[in-house]
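K.L.:
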Amino acid sequence: MSSEPHPLDVVAPARIAQLVEEVGVRKTGLGFVETFTLGVLAGAFIAFGGMFFTLAVTGSEFGLGPTRLLGGAAFSLGLVLVIVGGAELFTGNSLIVMARASGLITSGALLRNWGIVYLGNLTGAVATAVMVHLTGALSLGDGAVGATAVAIAEGKIALSPLHAFMRGVLCNILVCLAVWMCFAAHSVGGKVLVILFPITAFVALGFEHSVANMYLIPVGMLQSGHFDLAGLGENLLYVTAGNIVGGGLLVAAVYWLIYRRAPRG
């Protein structure tokens, strides 16, 4: 591989692919406690982004597009905390598929990581929803923030399986591209910048992120007092499946085919 610097002063895509594989191997090698705890942190970090989004869009008079753009930028806080602060996020870990495709890890190791991280994300997000509810912070704006939280949760539960799945696919394409581009950045500022636009886009466009929904739906339920656990479970099922397809197949597998598939002799 050439050692010449990339003309744009970023890590070249072929090198990123190699780094993603190496990181995937390290992630699957972590113990249960470390993986779960880092998963809890990521769930809480994404929940902070969800809180910020809920506040940002409440009472906005900018119109649909600008309001959702503002909300998306606010939500970007979540992935910034995950990447810069350090945590294990299920959606971003879809990229571990690259290490599996190269035979560097087993399918069992991949599924173990996903399972532990998913459980940790769920724990962190729901716990944060409970804490936010107990603070009374949703009463801001004479209850307007709470009303927004309820509307968000109800809208997500009302999605059809097809819509939830497809929005999950498109969401995690953008999330995994944001994580992918973080490998190209040389500084914290660069990482924040490459996170901002893809995450703002997926939120503004109304795509679905399973870990975000682990916070946004429960906090809306707590606020309304109506607990549709079946609706929550159905939403997470289809959105999670979409996230796996979007990140694991349409980003990780595609880049593996381009950069890491061994040439046929």
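Start counting at 1 in the sequence shown, then tack on 24, and there's your number in my numbering.
We treat Cβ as the ideally placed atom computed from N, Cα and C, and that holds for glycine.
Just so you know, these numbers come straight off a predicted model, no measurement behind them.
According to DSSP, is residue 58 helix, strand or coil?
P.N.:
As a first step, residue 58 is located in the sequence shown; it is residue number 34 there, counting from the start. Reduced to three states, the DSSP call for residue 58 is helix.
K.L.:
Per DSSP, what kind of secondary structure is residue 44 in: helix, strand or coil?
P.N.:
Sequence index remark: in the sequence shown, residue 44 carries index 20 (1-based). Three-state DSSP puts residue 44 in a helix.
K.L.:
Let me make sure I understand the geometry here. Which of 35, 59, 61 and 76 has the alpha-carbon closest to that of residue 100?
P.N.:
Along the sequence shown, one-based indexing puts residue 100 at 76. Checking every option, the nearest Cα to that of residue 100 belongs to 76.
K.L.:
Quick one: is residue 25 buried, meaning 16 or more other Cβ sit within 10 Å of its Cβ, or exposed?
P.N.:
For this step, residue 25 is matched to residue 1 along the sequence shown. Residue placement at residue 25 is flagged as unreliable, the pLDDT there being 44, under the threshold of 50; a coordinate-derived value is accordingly withheld.
K.L.:
From 98, 38 and 140, pick the residue whose C-alpha is nearest to that of residue 221; which is it?
P.N.:
The sequence position of residue 221 within the sequence shown is 197, counting from 1. Comparing Cα positions, the closest option is 98.
K.L.:
From 107, 239 and 186, pick the residue whose C-alpha is nearest to that of residue 201; which is it?
P.N.:
As a working mapping, residue 201 is identified with position 177 in the sequence shown. It is 107.
K.L.:
Apart from the five residues on each side of it in sequence, which residues of its chain come closer than 7 angstroms, Cβ to Cβ, to residue 104?
P.N.:
As a first step, residue 104 is located in the sequence shown; it is residue number 80 there, counting from the start. Correct list, in chain order: 216 and 219.
K.L.:
Which residue from 143, 261, 276 and 139 puts its Cα closest to that of residue 192?
P.N.:
By 1-based counting over the sequence shown, the position of residue 192 is 168. Selected option, being the one with the closest Cα: 261.
K.L.:
Give the single residue among 227, 207, 230 and 53 whose Cα lies nearest to the Cα of residue 35.
P.N.:
In the sequence shown, the residue the question calls residue 35 occupies position 11. When each option's Cα is compared against that of residue 35, the closest is 207.
K.L.:
With DSSP run on the structure shown, which of helix, strand or coil describes residue 82?
P.N.:
By 1-based counting over the sequence shown, the position of residue 82 is 58. Residue state, collapsed to three classes: coil.
K.L.:
By alpha-carbon positions, which one of 120, 148, 149 and 147 ends up nearest to residue 135?
P.N.:
Position 111 of the sequence shown, counted from the first residue, corresponds to residue 135. Here the closest residue by C-alpha is 120.
K.L.:
Rounded C-beta distance between residue 74 and residue 239? I'm assuming under 8 angstroms.
P.N.:
As a position in the sequence shown, residue 74 is number 50, starting the count at 1. As a position in the sequence shown, residue 239 is number 215, starting the count at 1. Right, the Cβ-Cβ distance comes to about 5 angstroms (below 8 angstroms), so this counts as a contact.
K.L.:
Using C-beta distances below 8 angstroms, list every residue in its chain close to residue 41, excluding the 5 sequence neighbours before and after it, in chain order.
P.N.:
Within the sequence shown, the letter at position 17 stands for residue 41. Hits under 8 angstroms: 122, 279, 280, 282, 283 and 284.
K.L.:
Tell me whether residue 233 is buried or exposed, calling it buried when 16 or more other Cβ atoms sit within 10 Å of its Cβ.
P.N.:
As a position in the sequence shown, residue 233 is number 209, starting the count at 1. Under this definition residue 233 is a buried residue.
K.L.:
Run through DSSP, which three-state label would residue 27 get?
P.N.:
Numbered from 1 along the sequence shown, position 3 holds the residue referred to as residue 27. Here the model assigns residue 27 a pLDDT of 48, short of 50, so the residue's position is not dependable and the matter cannot be decided.
K.L.:
For the alpha helix (DSSP H) containing residue 93, name the first residue and the last one.
P.N.:
Translated into the one-based positions of the sequence shown, residue 93 becomes position 69. Start and end: 88 to 99.
K.L.:
Would you mind sorting residue 60 into buried or exposed? The rule is 16 or more other CB atoms within 10 Å of its CB.
P.N.:
Translated into positions along the sequence shown, residue 60 becomes position 36. Label assigned to residue 60: buried.
K.L.:
Is it buried or exposed, residue 112, if we count other Cβ atoms within 10 angstroms and call 16 or more buried?
P.N.:
As a first step, residue 112 is located in the sequence shown; it is residue number 88 there, counting from the start. Residue 112 comes out buried.
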